[in-house]
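If you read the sequence shown in this note's numbering, its first letter stands for residue 61, the second for the next number, and so on. Heads up: the structure comes next, in C-alpha cells.
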Amino acid sequence: MTHQQSAWFVYIIEADNGHFYTGITTDISRRFQEHQQQQKGARFFRTSAAKKLVYQEPHPDRSSASKREAAIKKLSRQAKIALIAQQ
Numbered sequence: 061m062t063h064q065q066s067a068w069f070v071y072i073i074e075a076d077n078g079h080f081y082t083g084i085t086t087d088i089s090r091r092f093q094e095h096q097q098q099q100k101g102a103r104f105f106r107t108s109a110a111k112k113l114v115y116q117e118p119h120p121d122r123s124s125a126s127k128r129e130a131a132i133k134k135l136s137r138q139a140k141i142a143l144i145a146q147q
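Okay, here's the thing in C-alpha cells:
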C-alpha cells in the first residue's frame, strides 16, 4: 500500500437515539459494519444501534485524523449538526 492510498478518515455516525459518535478509520464502510455488529463496534452502540453515516472527512495520516477527531468531539451538538449540514 503506498502512502497516498493509506488515507485516514474522521467520521460521524448517528445512532438510533439521535446521538452522534465520532471516530477515525482507514475503511469507513468496514468500520460502519463493525459498529452495526455488536462484537467489534464501539461500546457506545450497545445502548442504541448505529443508524447512518452522516459525516466523513479525509486526512493524510492518523495523527491529523486523531487531532481532528478530538476537536470534533469537543464541539456542541449544534456545532456538530452545522458541520454535518456543510458537507
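C-beta atoms are modelled at their ideal positions from N, C-alpha and C, and glycine is treated no differently.
Excluding sequence positions up to five before and after residue 135, its CB lies within less than 8 Å of the CB of 143, all in the same chain and listed in chain order.
Per DSSP, reduced to three states, the secondary structure at residue 95 is helical. Between residue 112 and the set 73, 68, 69, the nearest pair of CA atoms involves 73. The C-beta distance from residue 86 to residue 67 rounds to 7 Å, short enough to meet the 8 Å contact threshold. Counting every other CB atom within 10 Å of its CB across the protein chains shown gives residue 110 a total of 16 or more, marking it as buried.
Counted as a single uninterrupted DSSP element, the stretch harbouring residue 127 is not any beta strand (DSSP E) but the alpha helix (DSSP H) occupying residues 122 to 134.
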